[in-house]
Amino acid sequence: MDKQAALYHFKEHHFTPLLDIQLDRLEAMFDRYQAQLISDFKESFRNLCIHILSMQQQGQKEPIGYIHYSFLRTQMLEQSYLYMVEAYSTEWYEDDSDCKLTYDASWAYAPMSIMLEALEKERKIYMGTITSVDVERLMLESAPLFHQFVSSLLRLGMTEVVQMPEYLAIHKADRVAIRTGEYKDISENLYVEDQEALLADHVREQLIHSSEEEPYVYENLKRLSLPHLHLMQKDLRYNDFSHSDLRESQFHTCILIGSMWQRSNLAGGSFQGCLLTDADFRYSNLRDANFSNASGQPYREHGVRVPGLCGLHFEHAILDGADFTDVHSFEHAYFDGASMQGTLVPQKYYQHWKLSEAQLQSIVWTE
2 MDKQAALYHF KEHHFTPLLD IQLDRLEAMF DRYQAQLISD FKESFRNLCI
52 HILSMQQQGQ KEPIGYIHYS FLRTQMLEQS YLYMVEAYST EWYEDDSDCK
102 LTYDASWAYA PMSIMLEALE KERKIYMGTI TSVDVERLML ESAPLFHQFV
152 SSLLRLGMTE VVQMPEYLAI HKADRVAIRT GEYKDISENL YVEDQEALLA
202 DHVREQLIHS SEEEPYVYEN LKRLSLPHLH LMQKDLRYND FSHSDLRESQ
252 FHTCILIGSM WQRSNLAGGS FQGCLLTDAD FRYSNLRDAN FSNASGQPYR
302 EHGVRVPGLC GLHFEHAILD GADFTDVHSF EHAYFDGASM QGTLVPQKYY
352 QHWKLSEAQL QSIVWTE
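Each residue of the sequence shown is one higher than the one before, starting from 2 at the first, in the numbering used here.
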């Protein structure tokens, strides 16, 4: 067996099956210990903000424009799973006043250590054709699959950490972006904050005229008055509509992956046929809202599980009279503290959703 054939066989019969098992276990752990993981992240973020403010009070740091959580692929082979957390001015990487701490993400990357040990044994049956360097290369290539759990956790905790007094106290630029990704490489927004208020009419026009070629995504659209907004087949993924007035607004067959709607007024609105994977409606008013034919379909391909790790969040929302007829892939939806008087829910979710006795009694169960 030549080198390429041996590598293909090793990957197909040893590496990939082991990776799938470890990702399944990690996902189960992520779901079970999510609250504690978020608590640990919040404490880490609090320490970062204290450090930033200390530097600013000493005149060593300009207003913050970027906060970046970076994974360091090269350190992973040393089984160091610390993220570098850096705060920058608006100059980003040109900002030379170092302001950094670390975040311990070993909870997400510990399976890599298990895999390295197991694969080192498995490679020896190939009689020297597969080397330790080959195993390490495969492990490094898989790093983003473990990072997706960290990015999902940070996204889940973000709305809480940006309300902490320590974050509110730091001096910020007109626009702040909190991001994550590989160190000085591709990264994504977790949170965007604009100090200057957006004009509702301007945002309405941008939403209406967005297109497949120019989607309107990853924007901070909080605290806007946009009642009776009517949008169809728009890509609005990861936009933050929290604290906004969106009464009677219609979102038909829109892509709303990872969108945020916390504490928004969405009474009488419609999300009919929308893709709502990882959407967050906590504390929102969804009285008489229409979710019929909406989907929470998670992405699952070759180990990639984002979007889909965060689940759908309706905790403490008002869902009285809301219609969940024919929704699909809503198994990972959460309703703790939600009011569900007269909410229409398919019978198939009776076993999937963790509901209180009062919620079970007040829901109208449909076929």
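Yeah, the Cβ is synthetic: ideal placement off N, Cα and C, and Gly gets one too.
Separation of residue j from residue i, as counted between CA atoms
i, j, result
"Tyr82", "Glu249", "46 Å"
"Ser143", "Glu121", "16 Å"
"Ser98", "Gln61", "7 Å"
"Pro166", "Met159", "14 Å"
"Met30", "His353", "18 Å"
"Leu169", "Tyr219", "21 Å"
"Gln342", "Arg138", "54 Å"
"Asn221", "Gly304", "30 Å"
"Glu206", "His52", "40 Å"
"Glu63", "His172", "8 Å"
"Asp96", "Ser188", "18 Å"
"Gln5", "His15", "15 Å"
"Gln80", "Glu87", "21 Å"
"Glu28", "Phe150", "8 Å"
"Glu214", "Met233", "15 Å"
"Glu358", "Glu44", "34 Å"
"Asp289", "Gln273", "13 Å"
"Tyr34", "Asp21", "20 Å"
Best match in the options for proximity to residue i [C-alpha to C-alpha]
i, options, result
"Trp108", "Phe272, Leu38, Gly182, His353", "Leu38"
"Val162", "Glu213, Glu142, Leu49", "Leu49"
"Ser153", "Asp175, Tyr192, Ile187, Ile126", "Tyr192"
"Leu199", "Arg224, Phe31, Met113, Glu213", "Arg224"
"Phe46", "Arg26, Glu28, His69, Gln57", "His69"
"Met116", "Gly129, Asp105, Glu28, Leu141", "Leu141"
"Arg306", "Leu146, Val204, Asp105", "Leu146"
"Ile126", "Tyr184, Thr17, Leu8", "Leu8"
"His203", "Ala106, Val177, Leu230", "Leu230"
"Glu123", "Phe11, Asp32, Tyr94", "Phe11"
"Leu208", "Lys235, Leu19, Leu155", "Lys235"
Contacting residues, own chain, Cβ-Cβ under 7 Å from residue i (five flanking each side not counted)
i, result
"Ser285", "Trp262, Gln263, Arg264, Ser265, Leu267, Ala318"
"Trp366", "Val346, Gln348, Tyr351"
"Arg74", "Leu141, Ala144, Glu183"
"Pro228", "Asp246, Leu247, Arg248, Glu249, Ser250"
"Thr103", "Leu83, Tyr84, Met85, Val86"
Rounded Cβ spacing between residue i and residue j (contact assumed at less than 8 Å)
i, j, result
"Gln57", "Pro112", "That belief does not hold up - the Cβ atoms of Gln57 and Pro112 are roughly 38 Å apart, past 8 Å."
"Thr344", "Leu361", "Actually they do not touch by this definition, with Cβ atoms about 11 Å apart."
Close Cβ partners of residue i (< 8 Å) along its chain, the five nearest in sequence each way excluded
i, result
"Trp77", "Rather than Trp, the amino acid found at residue 77 in this sequence is Met. Here the set comprises Tyr110, Met113, Met140, Leu141, Ala144."
"Ile65", "Ile53, Ala88, Tyr89, Ser90, Ile171, His172, Lys173, Ala174, Val177"
6 Å CB neighbourhood of residue i in its chain, flanking five on each side removed
i, result
"Gln196", "Asp175"
Inter-stretch contact at 8 Å, needing at least 3 Cβ pairs: the region 254-263 / the region 225-243: yes
Using 8 Å as the threshold, is the region 272-282 in touch with the region 302-314, meaning 3 or more CB pairs across them? yes
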